[in-house]
Each structure stands twice: as C-alpha cells, then as structure tokens.
Amino acid sequence: QYNTPEVDKLYQDDAVWIITSSFIIFTMHSGFGLLESGSVSAKDEVNIMVKNVVDVVFGGLSYWSVGYGLSYGDYEPICNWFIGFGRFFYDPTRDQMNVNEEGWSYAAFLFELSLATTASTIVSGAVAERAKLKSYILLGCLVILIQALPAHWVWDKRGFFYKLGVVDFAGCSAVHMVGGIIGLIATVYLKPRRKRFDEDSVHQMSSPTNALLGTFLLWWGWFGINAGSVWGITGGRWRLGARAAVATIMSSIGGGATSIVISFYKTKKLQVNLLINGILSSIVSITALCAVSRPWHALIIGSVSAAFSISVLPLLDRWQIDDPVGVVPIHLTSSIWGMIAVGIFCERDKSIASATNDNAGLLYSWSFNLLGIQLLCTLTILVYSATMGLLVLFCISKSPLGLRVTDYEEQIGADVIEHGLAGTNVARYVVEKPLSTRT
Amino acid sequence: QYNTPEVDKLYQDDAVWIITSSFIIFTMHSGFGLLESGSVSAKDEVNIMVKNVVDVVFGGLSYWSVGYGLSYGDYEPICNWFIGFGRFFYDPTRDQMNVNEEGWSYAAFLFELSLATTASTIVSGAVAERAKLKSYILLGCLVILIQALPAHWVWDKRGFFYKLGVVDFAGCSAVHMVGGIIGLIATVYLKPRRKRFDEDSVHQMSSPTNALLGTFLLWWGWFGINAGSVWGITGGRWRLGARAAVATIMSSIGGGATSIVISFYKTKKLQVNLLINGILSSIVSITALCAVSRPWHALIIGSVSAAFSISVLPLLDRWQIDDPVGVVPIHLTSSIWGMIAVGIFCERDKSIASATNDNAGLLYSWSFNLLGIQLLCTLTILVYSATMGLLVLFCISKSPLGLRVTDYEEQIGADVIEHGLAGTNVARYVVEKPLSTRT
Amino acid sequence: QYNTPEVDKLYQDDAVWIITSSFIIFTMHSGFGLLESGSVSAKDEVNIMVKNVVDVVFGGLSYWSVGYGLSYGDYEPICNWFIGFGRFFYDPTRDQMNVNEEGWSYAAFLFELSLATTASTIVSGAVAERAKLKSYILLGCLVILIQALPAHWVWDKRGFFYKLGVVDFAGCSAVHMVGGIIGLIATVYLKPRRKRFDEDSVHQMSSPTNALLGTFLLWWGWFGINAGSVWGITGGRWRLGARAAVATIMSSIGGGATSIVISFYKTKKLQVNLLINGILSSIVSITALCAVSRPWHALIIGSVSAAFSISVLPLLDRWQIDDPVGVVPIHLTSSIWGMIAVGIFCERDKSIASATNDNAGLLYSWSFNLLGIQLLCTLTILVYSATMGLLVLFCISKSPLGLRVTDYEEQIGADVIEHGLAGTNVARYVVEKPLSTRT
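Just so you know, the protein sequences line up as chains U, G and C, in that order.
Just so you know, we're using the working numbering here: the first sequence kicks off at 7 and counts up by one.
Just so you know, we're using the working numbering here: the second sequence kicks off at 7 and counts up by one.
Just so you know, we're using the working numbering here: the third sequence kicks off at 7 and counts up by one.
Written as structure tokens, this is what we have:
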C-alpha cells in the first residue's frame with residue numbers, strides 16, 4: 007500500500023504542479039466573464055457574468071457525475087478507444103486504495119475539471135444576448151458531455167488519436183475546437199441579435215475596459231493551462247513547462263503585434279476588438295505545440311493565427327453570422343491552425359522523445375505523417391462536434407424550454423428579464439437610448 | 007544550527023506551499039472589496055474598497071504587534087490553554103536561531119497574517135454604508151485581537167479545543183464564525199440603513215458585475231485557504247491539499263446549484279444575491295472538513311449550507327436586520343453548519359490519522375463524541391465573540407469617535423464625506439435620483 | 007549532457023519557483039492597467055488599458071529580440087562590465103546543449119521578461135492622456151532597451167555595480183528608478199494636460215474603484231517580484247523568499263498607515279490617491295532590501311517612503327509638473343529612498359552571506375561603504391536614464407510621428423481618437439459636462 011520515499015516525492019512534486027495549475031486555470035472564469043460582459047451591450051452585462059458562474063456550477067456537476075467518466079473512466083469491460091466508462095460520480099477515495107494514487111486521482115480530477123468547464127464557457131459567448139438562461143444551463147451541461155469524448159480520444163491512453171500519436175498538449179482540439187465549432191453552430195442556429203445587421207446598427211460594448219481586463223486575466227490564466235499540461239515537473243518535465251510558458255507569451259506577442267499592425271493599416275485606428283481577437287487567438291493556436299515550441303515558432307504561429315482571426319471577421323459580417331464576443335476568430339480558426347501548425351513546426355525533444363510521441367513535423371522530418379494525423383484529428387473533431395452540437399440545439403429548441411428569448415425580452419435585456427435587476431441598470435437605458443433609437 | 011539535507015528539504019517544500027498559499031489568500035482582499043463595493047449603493051462604493059485596504063494595513067499592524075502573540079506566542083511562563091503570550095512585534099530573526107526555524111517562522115507568520123486580516127474584513131461588510139471610517143479602523147484592529155483567541159484555542163497546540171480534538175482545517179470557526187457573529191452584532195447595534203425597511207425602498211447594487219467578479223475572485227482565492235491549511239506537502243500531506251481543493255470546488259457546485267434551483271422555484275428569476283450567497287456560504291461550510299472530505303460529502307454539505315443561507319434571508323427581513331452584503335448567510339449560518347457537518351461526515355484518513363485527531367463523525371463511527379466537541383467549540387466561540395464584539399461596539403459608540411454617521415452624511419454618502427470624491431461620483435447621483443426620490 | 011538526479015532536482019525546484027513567480031508578475035499588468043485606467047479621466051480610460059497591453063506585446067518583442075541580449079548576453083568577445091551582447095532573438099534550445107541549462111534558460115528568460123515589461127509600463131502612466139499611441143509604442147520599445155543596461159550593471163555577474171557589491175534584490179534601481187526618472191522627464195517634456203493647472207480645474211478619476219482594484223492587484227503581484235527575486239528555493243534560499251514576502255506586506259502596512267495618518271491630519275479626509283501612493287511607494291522602497299529585511303526594517307522603510315511620496319506632491323503642483331497617475335511619488339522618490347535604505351538597514355544574513363555580497367549597512371557595520379555603493383549606483387542610473395530618456399523623447403518628438411496629441415484630440419479623448427470607441431463612452435461625456443464646462 008505504501009511506496010518508497012523516492013516515489014512519494016515524485017507524486018508529491020507532480021501533484022503540487024497540477025494542483026497549482028488548476029488554481030490558475032479556474033481564475034480564467036473571471037477572465038471569460040469580464041471579457042464577455044464587457045463586450046455585450048449593457049442590458050445583458052450581468053446575465054453573461056451569471057452564465058459564467060453557471061458554467062462552473064452545472065458544468066462541474068455534469069462533469070463530476072458523468073463527463074469525467076466518459077473521458078477517463080477505466081471500467082475495462084466497456085471502455086475502449088472511442089469512449090471511457092466508469093468513475094461516474096467520481097470518488098477517488100473509493101476508487102483508489104493506494105494513498106499516492108488516491109492523492110494523484112484528486113489532483114488529476116481537479117485539473118481535468120478546471121479544463122472541462124472552460125469548454126462550455128466558450129459557447130456562452132456565442133449565444134450571448136439571446137439564449138434563454140434555463141436553456142443555456144442545459145446546453146452547458148450537454149457541451150461538457152460532448153467535449154468528454156474528444157478529450158478521451160486525444161488524451162486518454164486508450165483513445166484512438168492518442169494511439170495514433172496526435173500532439174495536443176493543452177486542449178487546442180479537445181477544448182477550443184469543440185467549443186469553437188459548437189459556438190459557431192449555435193450562433194448560426196440562434197440567428198443574429200435583433201437589428202444586428204441593419205444598415206445603421208451600432209455595435210455596443212458595455213465596457214471596453216472590462217473586456218480588456220478580462221483579456222488580461224485570460225492571458226495570465228493561460229500559463230496555468232499551457233504549463234500545467236505537461237502534467238508534472240519530475241523527470242525533467244519542468245523544462246517542458248518552462249518552454250510552454252515562454253511559448254505562451256511569445257505567441258501572444260506575435261498575435262498582438264500582428265493585430266495591431268493590421269488594425270492600424272486597415273482602419274488607421276487600433277480597434278480594441280481586433281487587439282483582443284489577435285492576442286487570444288494566438289494563445290489558442292499555441293496550445294497544441296506549446297511544450298516543445300521554440301520562441302520563434304510561437305511568434306510565427308501566433309502571428310499567423312491573429313492574421314487568420316482578423317481576416318475571418320469580414321466573412322462573418324458578409325454571411326450575417328453574429329458572433330458577439332468573437333468565438334469563431336478566437337477559438338475556431340486558431341485551433342484549426344494550431345493543430346496544423348504542429349504538423350509543420352513540431353520538433354522532437356532532445357531528451358523526452360515521448361513528449362511528441364517520437365513524431366516531428368514537416369520542417370524537422372520532411373514527412374507529412376504528423377501533419378496527416380493532426381488533420382485527421384481536426385476533421386474528426388469538427389464533424390463530430392458540429393453534429394452533436396446541432397443535435398443538442400435542435401432538441402432544446404423543440405423542447406418546452408425553447409432556446410431563443412422573445413423579441414421583447416431581447417429588447418429589454420436579460421439583466422431585467424432573467425435577474426430582475428433594475429437600479430443602476432435601468433439608469434443605463436437612458437444613456438443608451440440616443441444610440442439605439444437610430445437603429 | 008544546521009540540519010541535514012533531508013530535513014532542509016522538508017522545510018523547503020512545506021514552506022514554499024504555505025508561502026504560495028498566502029499569496030493566493032491575499033488576493034481575496036480584492037474579492038471582498040469588489041463584492042462589497044458592487045453590493046452597496048453607488049454613494050459608498052469607493053469607501054468600502056478603502057475599508058478593505060484599511061483592513062490589511064491596520065489589521066496587519068494590529069496582528070503583527072499583538073494579535074499573533076496572543077494566538078501563537080510561546081513565552082512559557084504565561085501562555086496557556088486560553089491565551090498565547092510572546093512574539094509581540096514579531097521578529098522571527100530575533101526569536102529563532104536555527105535557519106530552518108527562522109524561515110519557517112516567516113512563512114507561518116505570513117500565512118497566519120493573510121488569514122487573520124480576512125476576519126476583520128468580514129465585519130466591514132456588515133457595517134457598510136453607516137459606520138464612520140475612523141471608528142471602523144479601530145473596530146478592525148480590535149476584531150483582529152478578538153479573533154486571536156479562538157485561533158489559539160483551535161489551532162495552537164496549547165489551545166483547549168485543539169487538545170480536545172476539534173476538527174477545523176481552514177478557519178470555519180476561528181475565522182468565519184468570529185467574523186460572522188461580530189458582523190451580526192454590529193449590524194443590529196448600528197441599526198439599518200436609512201429607509202432600508204420603508205415600504206417602497208429600493209435595494210440598490212452599485213454594480214452587480216463587480217459583485218460577481220468579487221465572488222469569482224473569492225472563489226479562486228479560497229483554494230489558497232483550504233489547500234494551504236494542510237500546512238505543507240511532505241509526509242503525504244499534499245494528498246490532503248488535493249482533497250481540500252476538490253472539496254472546495256465540489257461544495258461550491260452544490261451550493262451554487264441549490265441556490266439557483268431555489269431562486270428559480272421561488273422567484274422565477276435567478277437572483278444574483280441568492281447565487282452569491284449560495285456559492286460563498288457553501289465554501290465557508292466546507293472549510294472545517296475540507297482536507298478529509300470526499301467529493302459527495304462536499305456536495306451535500308455545500309448544498310445544505312446554501313439552503314440554510316437562503317432561508318435565513320426572510321428572517322433577517324422580518325426582524326428588520328439590515329445585512330448589506332450578506333455577512334449572516336455567507337459567514338454565520340454556514341460556519342455553524344460547517345462545524346456541525348464535521349461531526350457528521352468526518353472520516354478517519356487512511357494514512358494520516360492525526361489529520362482528524364483520530365476522530366470520526368457520526369456517519370463513520372456511530373459516536374456522538376466528535377459532534378459534541380464541534381458543538382462545544384461552536385457555542386463557546388459564538389458566546390465569546392458576541393460578548394467581546396458587543397463590548398467593543400459599546401465602547402466605540404460611547405467614545406468621542408462615535409460609531410454611526412449622521413443621517414445627512416449617510417444620505418450624501420461616504421465617498422464624498424470621507425474621501426472628498428466628487429467627479430464621476432457626483433454624476434452618478436443624477437442617475438440615481440429617479441429611483442431614490444420615490445423612497 | 008545529463009546531470010545526476012540530485013542536480014536535476016535542484017534545477018527543478020529552483021526553476022519551478024521562478025516560473026511560478028513570473029506567472030504572478032505578469033498579473034501585475036492587469037493591476038497597472040486598472041490603476042492607470044481608473045486614475046485618468048473617462049475619455050482616456052480604454053486607451054490606457056490598451057497601452058498596458060501594448061507594453062507586453064511590443065515591449066516583449068523588443069526585449070526578446072534585443073533587450074535581453076543587452077542585459078544578459080554572453081558573447082565573450084564583446085560583452086563586458088557595461089553591456090551584454092549575444093542571445094539576440096533569444097532561442098534557448100539553440101544556445102544551450104545541456105537539458106537542465108536549456109530549461110533554466112527558458113525559466114530565467116520568462117522571469118526577466120516579466121520584470122522588464124513592467125519598466126516600460128511605468129512610463130505609460132506618466133504620459134497618460136497626451137502621448138500619441140504610435141509614438142508611445144515606439145517609446146515603450148526604447149525604454150525596454152534603455153532599461154536593459156542598468157539591469158546588466160546591477161544583476162549580471164559581469165556588471166560593474168554587481169561586482170562592486172550593490173544590493174538590489176528586486177528591481178528598485180534597475181526597474182523602478184529607471185521607469186520613474188524617465189517618467190518624470192517625459193511628463194515634463196510633454197507639458198501638463200490641458201487646463202490641468204487652471205484655477206478652477208477639476209481633477210477627475212474615471213473610476214476610483216478601479217484604481218483601488220488595480221492597487222490591490224499590484225500589491226499581491228509584488229509578492230511574485232520580491233519573493234521570486236531570490237532566484238530559487240534550494241540551498242536555503244526559500245527562507246529569503248519567505249522573508250521577502252513578509253517584508254513586502256510589512257512595508258505596505260507601514261506605508262499605508264503613514265499615508266492614512268497624514269491624509270487625515272492634513273485634509274480631515276482619507277484621500278484615495280494619497281492612500282494608493284503611500285501603499286505602492288512603500289512596496290517599491292522595500293524591493294531593494296526585501297530578502298534580508300526584518301519586519302520592523304520594512305515597516306520603517308515603508309513608512310518613510312510613504313512620507314516622502316506624499317511630501318513630493320505639493321512640490322509637483324507648485325512646479326506645475328502634471329503626473330497623472332503618480333509615477334514620481336510611487337516609483338522615483340521611493341526607489342531612491344529604497345536604495346539608500348539598504349545602505350542603512352542591510353544586515354548580513356546569518357547563513358547566506360553572499361545574499362548581501364557580505365556587506366552590511368550603517369546600522370549593522372558602522373561603515374559607510376555599502377551606503378556609498380548604493381548612492382553611486384543610484385546617481386549613475388538616474389543620470390544615465392534621464393539622459394537617455396530625454397534623447398529618445400527629443401528624437402520621437404522631432405520625428406514625423408510626433409509625441410503629443412493636438413489640443414482638439416486631447417479634448418475629445420484618446421478613446422474616440424485612437425480607438426474609435428463611441429457608445430457608452432459618448433454617454434459619459436454628457437455626464438462629465440457639468441464639471442468640465444466650468445474649466
């Protein structure tokens with residue numbers, strides 16, 4: 007039942023790393039909340055913060071009871087390369103006899119939970135200002151379950167992409183791509199906000215300051231995801247954590263600089279939303295490769311991701327796809343590019359070859375093998391998530407709950423309708439009127 | 007003077023854990039400040055942020071000079087089961103010769119300081135919008151000293167509840183119950199805010215967004231308190247830290263879900279203040295048991311705590327007790343329930359029996375022993391803190407300082423009166439008028 | 007190529023410490039952003055947040071490509087006591103063969119980068135509300151390069167102040183003094199904001215709440231700088247980290263208490279800006295000595311620093327120096343005092359004599375030696391940074407870019423001019439008018 011002091015020490019050091027990383031990752035909910043709250047119009051500002059709270063609460067409940075088991079359940083007769091089974095209503099003390107394994111199970115669950123709850127949060131941005139609160143709660147719980155399978159495929163040792171040797175350290179495909187594509191499907195399904203594409207409509211941000219503060223919080227929180235995703239520090243893995251952290255900041259430097267240059271070039275001004283899209287999309291794009299990325303890899307990958315992000319915006323406008331807080335540029339295009347970038351820039355680690363499953367990308371192996379695996383994984387997850395997302399949205403919208411608020415409710419705003427918040431918020435309507443009457 | 011490398015390593019690893027936890031705990035002051043600032047009316051928004059700064063400054067001064075010594079002083083001729091003595095104006099370099107002990111003393115002082123300053127902060131919420139600033143400063147310093155004794159009883163190895171075998175890992179009784187009961191006494195003593203219980207009074211929140219952001223910050227900061235309270239990671243204690251962290255998030259999931267369901271059921275809306283009360287009260291309730299709690303324990307304890315919290319609100323209203331930021335539901339009812347819950351759910355740890363002083367609760371031992379100890383501790387601390395709080399409030403209110411602001415000052419607001427802040431704040435009055443003229 | 011497990015462990019433990027510290031330090035950009043954004047008038051609130059983003063993006067680019075090499079480059083034929091050379095466009099994987107050294111290089115670069123980007127941020131406050139955005143971007147990049155040399159002198163093992171035995175643990179001279187003096191030069195060079203010193207001008211803060219929240223964030227972030235600056239935890243250095251953390255909080259207690267007492271004494275009110283100046287300046291003043299400071303040293307040093315800070319404010323007013331967010335009191339006076347304080351209070355560490363280069367201050371050695379070194383370093387850095395800052399400002403202002411916005415642009419505000427942000431911000435103008443029409 008007990009292990010040697012040396013083994014105890016390995017468990018201790020690795021567990022402390024992922025526990026601390028989880029703490030950091032949870033702070034990202036503050037960031038998501040503020041970014042979304044500051045980006046929507048003032049009448050829905052509080053509602054979107056509440057939705058971010060709900061993501062942790064009901065998303066967490068959904069993950070603890072079922073989702074975690076679908077990803078990492080180990081009940082041998084059932085679990086396979088496609089799906090996990092077991093560990094439902096997870097209770098590590100029950101499931102593990104060895105004390106080190108018990109402790110590790112708690113730490114690992116905490117880390118996975120912190121990561122999973124961010125996936126449903128992504129969708130909250132896409133449906134902002136027009137999804138009913140109760141329907142959103144249900145949607146969030148189901149997104150957690152949809153996301154559980156890609157996590158199994160990519161990260162569980164039984165998963166088929168894991169066995170194929172896919173490289174995705176920190177959730178580029180299994181978190182951001184899933185959230186991004188479901189977000190896109192949801193925003194198309196829900197249709198745009200009222201008068202969003204009218205000729206003289208005005209785009210309102212309730213608070214650009216809060217949106218930028220949220221961006222900052224996400225930026226720093228991402229160190230927890232990327233550095234934490236090396237799953238420990240022993241056996242020299244701390245070095246991969248350090249590399250992941252440097253890659254995170256370098257990619258954001260690339261993405262930020264690119265978006266600033268493009269914004270100045272195209273509009274003569276520094277557009278706040280382009281800046282936010284540029285920075286966050288660049289960090290998403292490096293999540294797949296981060297732990298083995300060189301600084302200049304990250305700089306290039308982040309820059310390209312920001313360029314993609316910004317060029318997708320006019321397309322969304324032309325196709326009248328209303329994406330209130332930039333889910334498509336931040337999570338979708340960048341995660342697709344991030345997965346592809348691995349196939350190009352991935353380099354074998356000089357000491358821990360297993361970090362990249364002994365694979366290398368085009369640039370370092372002149373082989374299209376890894377690129378192919380990455381593309382297959384990307385395509386599979388896109389098709390799977392889109393299908394499941396559409397199915398779930400269809401079912402909810404046809405259920406008695408319904409999906410979209412009425413035109414009247416949308417006009418009044420969710421802060422009043424869903425939360426009964428008058429007071430300061432009522433006052434803000436006066437302020438908004440001279441703007442919105444023109445629309 | 008020097009120890010072996012092995013012992014050095016133990017000190018190093020444990021100290022780093024509590025130092026890092028302290029850093030996290032200090033961030034909770036941002037959370038308290040924002041939650042309180044967003045929950046009061048706009049005319050006192052800045053004042054309450056300043057009070058949270060003051061808590062660290064003067065509370066810290068009070069703790070360093072006297073409070074820490076009353077809790078953990080080790081001057082043998084005087085200190086006993088009731089009170090500590092020594093270590094006043096604490097200077098570890100002077101008090102410890104051994105370098106490891108010196109370092110550990112610094113780390114331990116930092117951790118205790120971070121915890122103690124949160125106790126006086128709790129009271130700041132209870133007296134919001136009507137206590138004079140100077141009187142509040144004095145009150146804060148004295149609360150720190152009041153709180154020093156329960157900390158001695160529960161956590162110091164000489165303390166009588168410690169010897170009795172009470173289980174309170176992270177300040178359920180010694181921090182939250184002390185703060186909660188003094189807060190209740192203070193808010194009753196101060197009487198409600200003007201026109202608070204008038205027929206057509208309007209409850210204003212200066213910023214629900216900020217209140218929710220503050221809730222988020224507290225939520226993540228609590229990982230530092232609960233995981234840090236295992237006092238290190240060596241000897242397998244990292245496992246208890248991991249369990250404490252999972253218990254923290256699971257209890258908040260339970261509390262959040264419960265409060266959302268109750269809110270929808272009772273009001274058809276998701277009330278923001280019920281959500282905040284539910285989440286924070288559930289985390290308070292798990293502080294006592296966290297390190298040995300299973301996920302489902304935490305889920306139940308948190309859910310019950312949220313239910314208690316929400317059911318106490320109508321009582322406060324009926325008795326015309328004005329509790330501006332929810333000190334009673336968040337800190338008082340939940341800490342009482344949290345201490346009792348230990349007596350029910352506490353399980354012996356399979357490896358570190360001393361974690362629960364070799365005690366187990368009703369469910370795992372069919373003995374009322376631990377429950378009795380928990381109840382005795384609860385009752386003693388309630389009676390002691392209420393008495394001391396009342397004494398202190400009486401003395402301050404009869405002193406030349408006085409306690410409550412004048413009616414005129416309350417109407418104008420502390421931001422102008424105490425801080426001379428016109429400008430944007432003056433502007434906000436215009437905005438508020440259509441609401442407040444009705445009262 | 008590989009080291010023994012014992013050496014691996016040392017690398018691992020130290021690297022994890024500075025990586026984690028870097029994560030904390032990066033959060034300070036949120037703090038700087040909010041403090042500055044809340045302190046300026048509402049028309050420039052978003053612009054200053056963007057400038058804080060830009061500091062990380064372009065400042066980071068500048069540091070990665072050139073700055074880091076000037077500080078810590080090790081290309082032997084060129085680098086000397088005055089300047090580093092090499093490591094440009096830094097790529098540790100290329101520059102280090104040994105895996106431990108590679109990992110350490112990533113961690114060290116991350117830490118230095120996090121520190122360096124804060125230096126240019128300081129200047130952003132000084133030029134708030136009147137520097138053109140593009141010019142500011144250029145200025146920020148150049149400040150990073152200016153700052154690279156003092157960092158080399160003080161912290162690189164080849165640097166001449168390092169060899170002289172100067173004591174500056176956490177950037178008192180090499181970060182705050184450089185930023186503070188360039189900020190002073192810049193604000194004088196740019197001239198005051200329009201109507202700032204008119205008879206009936208009104209000082210506006212867009213949001214005192216945000217300014218205080220920013221102060222909080224900086225306060226906690228500073229634990230990362232001060233504790234992280236012991237560069238690891240092995241060999242008993244964790245003890246110095248614990249001391250640095252306690253010194254940080256004790257100095258802020260001293261500075262906060264002093265500024266509150268002065269504010270009450272002089273104005274009968276607790277002025278928010280005096281409180282902010284007092285707390286932040288006291289933490290700056292302890293950065294030099296933190297790791298070997300006793301609690302009472304920190305308390306005194308912080309108190310004196312706050313007193314200096316507050317007494318410099320009337321002088322700035324008399325000389326009509328417009329310092330929008332308090333760069334002079336927070337970073338300049340306090341860093342000068344902090345360097346001098348080392349010469350007075352520095353004590354030899356009982357175990358790690360090299361921590362203070364075996365030097366002690368006046369109080370513990372009755373020798374003026376260390377004080378002399380500190381003064382020489384202070385003077386050199388002041389003269390160098392002022393000269394370089396002036397040169398850079400002159401070049402930018404004479405370039406086609408220009409430096410200061412037009413009177414019209416300043417009146418409209420950077421949020422509209424540089425970022426095209428109307429919407430809620432336009433609304434705020436209505437609110438401000440009754441105030442600003444008087445000026």
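Ideal placement from N, C-alpha and C gives every residue a C-beta, glycine not left out.
Among the candidates C/L388, C/L219, C/G234, whose CA atom is the shortest distance from the CA of C/V278? Here the question's residue 278 of chain C lines up with position 272 in the third sequence. When C/L388, C/L219, C/G234 are compared, the shortest CA-CA separation from C/V278 is found for C/L219.
G/G177 versus U/K15 - alpha carbon distance: Stepping through the second sequence from its first residue, residue 177 of chain G is reached at position 171. Stepping through the first sequence from its first residue, residue 15 of chain U is reached at position 9. Here the C-alpha atom of G/G177 lies approximately 29 Å from the C-alpha atom of U/K15.
Given that U/T33 touches chain G, what residues does it touch there, using C-beta distances under 7 Å? Translated into the one-based positions of the first sequence, residue 33 of chain U becomes position 27. Within chain G, the residues near U/T33 are W226.
Scan the region 180-254 of chain G and note each continuous alpha helix (DSSP H) run of 4 residues or more that stays entirely inside, going in chain order. If we require 4 residues or more, the alpha helix (DSSP H) runs fully inside the region 180-254 of chain G come out as 184-196, 214-234.
Inspect the beta-carbon positions of G/L376 and G/V348 and report whether they are closer than 9 Å. Here the question's residue 376 of chain G lines up with position 370 in the second sequence. Here the question's residue 348 of chain G lines up with position 342 in the second sequence. Against a cut-off of 9 Å, the Cβ pair of G/V348 and G/L376 comes out as a contact.
So if I threshold CB-CB distances at 9 Å, which residues from the region 79-111 of chain U count as touching chain G? Of all residues in the region 79-111 of chain U, F95, Y96, D97, P98, T99, R100, M103, V105, N106, E108, G109, W110, S111 have a Cβ within less than 9 Å of some Cβ in chain G.
Taking Cβ positions, are U/Y168 and U/A122 nearer each other than 9 Å? Along the first sequence, read from residue 1 onward, the residue named residue 168 of chain U stands at position 162. Along the first sequence, read from residue 1 onward, the residue named residue 122 of chain U stands at position 116. In this structure, U/A122 does not lie closer than 9 Å to U/Y168 by Cβ.
Would you check if there are 3 or more beta carbon pairs closer than 8 Å linking the region 145-156 of chain G to the region 287-307 of chain G? These segments do not touch.
Where do the N-terminal and C-terminal ends of the alpha helix (DSSP H) with G/A359 fall, by residue? For the purposes of this step, residue 359 of chain G is taken as the residue at position 353 of the second sequence. Here G/A359 belongs to no alpha helix (DSSP H), and DSSP marks it neither H nor E.
If distances are taken between C-alpha atoms only, which option among U/S309, U/L145, U/L276 comes closest to U/S405? By one-based count along the first sequence, residue 405 of chain U stands at place 399. Of U/S309, U/L145, U/L276, the residue nearest in Cα terms is U/L145.
Would G/Q7 count as contacting chain U if we go by Cβ distances under 9 Å? Here residue 7 of chain G is taken as the residue at index 1 of the second sequence, counted from 1. Any reading at G/Q7 must be qualified, since the residue scores a pLDDT of 44, below 50, and its modelled position is unreliable; no value is offered.
I need the boundaries of the alpha helix (DSSP H) containing G/D20, first residue and last residue. Counted from its first residue, the second sequence places residue 20 of chain G at position 14. Its alpha helix (DSSP H) spans residues 11-32.
List the residues of chain U whose Cβ lies closer than 7 Å to the Cβ of C/E51, in chain order. Translated into the one-based positions of the third sequence, residue 51 of chain C becomes position 45. Ordered by position in chain U, the residues that pass the 7 Å Cβ test against C/E51 are T215.
Pairwise C-alpha distance: G/I143 and C/L381: Here residue 381 of chain C refers to the residue found at position 375 when the third sequence is read from its first residue. Here residue 143 of chain G refers to the residue found at position 137 when the second sequence is read from its first residue. Each residue's alpha carbon lies about 38 Å from the other.
Identify which residue in G/I89, G/S265, G/I316 has its Cα closest to the Cα of G/R164. The sequence position of residue 164 of chain G within the second sequence is 158, counting from 1. Of G/I89, G/S265, G/I316, the residue nearest in Cα terms is G/I89.
Check the Cβ-Cβ distances between U/W343 and every residue of chain C, and say whether any is below 9 Å. Translated into the one-based positions of the first sequence, residue 343 of chain U becomes position 337. False, the Cβ-Cβ gap to chain C never drops below 9 Å.
Using the rule of at least 16 other Cβ atoms within 10 Å of the residue's Cβ for burial, across every protein chain shown, is G/I188 buried or exposed? As a first step, residue 188 of chain G is located in the second sequence; it is residue number 182 there, counting from the start. Flag for G/I188 reads buried.
Counterpart residues of G/A137 in DSSP-defined beta bridges: Locating residue 137 of chain G in the second sequence gives position 131, counting from the first residue. In DSSP, G/A137 forms a bridge with G/R410.
Just the C-alpha distance for G/C85 and G/N104, rounded to the nearest angstrom, thanks. Translated into positions along the second sequence, residue 85 of chain G becomes position 79. Translated into positions along the second sequence, residue 104 of chain G becomes position 98. Each residue's alpha carbon lies about 23 Å from the other.
I'd like to know if U/I231 contacts chain G, where contact means its C-beta is closer than 9 Å to some C-beta of that chain. Numbered from 1 along the first sequence, position 225 holds the residue referred to as residue 231 of chain U. With respect to chain G, the C-beta atom of U/I231 has no partner C-beta closer than 9 Å.
Residue from C/T99, C/W228, C/P83 whose Cα sits closest to the Cα of C/G37: As a first step, residue 37 of chain C is located in the third sequence; it is residue number 31 there, counting from the start. Closest by alpha carbon: C/W228.
Measure the alpha-carbon distance for G/V236 versus G/G247 and round it to whole angstroms. Walking along the second sequence from the start, residue 236 of chain G turns up at place 230. Walking along the second sequence from the start, residue 247 of chain G turns up at place 241. Near 6 Å, if we compare the C-alpha coordinates of G/G247 and G/V236.
Judging by CA-CA distance, which residue of C/T273, C/V59, C/I231, C/G241 is the nearest neighbour of C/L295? Reading the third sequence from its first residue, position 289 is the one you call residue 295 of chain C. Among C/T273, C/V59, C/I231, C/G241, the Cα nearest to that of C/L295 is on C/I231.
Rank C/I24, C/V52, C/T127 by C-alpha distance to the C-alpha of C/G66 and give the top, closest one. Taking the first residue of the third sequence as 1, we reach residue 66 of chain C at position 60. Nearest C-alpha to C/G66: C/T127.
Test: C/W237 CB closer than 9 Å to a CB of chain G: Your numbering for residue 237 of chain C matches position 231 in the third sequence. No, C/W237 lies away from the interface with chain G (no Cβ there is under 9 Å from its Cβ).
Reduced DSSP secondary structure (H/G/I, E/B, other) of G/Y81: The residue given as residue 81 of chain G occupies position 75 in the second sequence. Residue state, collapsed to three classes: coil.
Does the Cβ of C/Q417 have 16 or more other Cβ atoms within 10 Å, making it buried, or fewer, making it exposed? By one-based count along the third sequence, residue 417 of chain C stands at place 411. Counting Cβ neighbours within 10 Å, C/Q417 comes out exposed, since fewer than 16 surround it.
Please list the partners that G/H425 has in chain C, where partner means a Cβ-to-Cβ separation under 8 Å. On the second sequence, position 419 is the one that residue 425 of chain G refers to. Residues of chain C passing the Cβ test: P214, K275, L276, Q277, V278.
Please check if any C-beta of chain C sits within less than 9 Å of the C-beta of G/F29. Translated into positions along the second sequence, residue 29 of chain G becomes position 23. True, the Cβ-Cβ gap to chain C drops below 9 Å.
Assuming C/S258 and C/S288 are in contact, meaning their beta carbons sit under 8 Å apart, how far apart are those beta carbons, in whole angstroms? The residue labelled residue 258 of chain C in the question sits at position 252 within the third sequence. The residue labelled residue 288 of chain C in the question sits at position 282 within the third sequence. Taking 8 Å as the upper bound for CB-CB distance, C/S258 and C/S288 are in contact here, some 5 Å apart.
What residue from G/V172, G/A137, G/S391, G/V52 has the CA that sits closest to G/V149's CA? For this step, residue 149 of chain G is matched to residue 143 along the second sequence. Distance from the Cα of G/V149 is smallest, within the candidate group G/V172, G/A137, G/S391, G/V52, for G/S391.
Quick one: is G/K140 near chain C, going by C-beta distance under 9 Å? The residue you call residue 140 of chain G lines up with position 134 of the second sequence. In terms of beta-carbon proximity, G/K140 lines the interface with chain C, with at least one pair separated by less than 9 Å.
Taking a cut of 9 Å between CB atoms, which residues from the region 313-337 of chain G lie near chain B? Checking the listed chains, one finds no chain B in this structure; the protein chains it contains are U, G and C.
Below 9 Å between beta carbons: does that hold for U/L399 and U/Y195? Stepping through the first sequence from its first residue, residue 399 of chain U is reached at position 393. Stepping through the first sequence from its first residue, residue 195 of chain U is reached at position 189. Yes.
Counting only beta-carbon atoms, is U/Y414 nearer than 9 Å to chain G? Taking the first sequence and counting its residues from 1, the one referred to as residue 414 of chain U is at position 408. Cβ-Cβ to chain G under 9 Å: no for U/Y414.
Where C/N104 sits in the DSSP three-state scheme: Along the third sequence, read from residue 1 onward, the residue named residue 104 of chain C stands at position 98. In the three-state DSSP reduction, C/N104 falls in the coil class, being neither helix nor strand.
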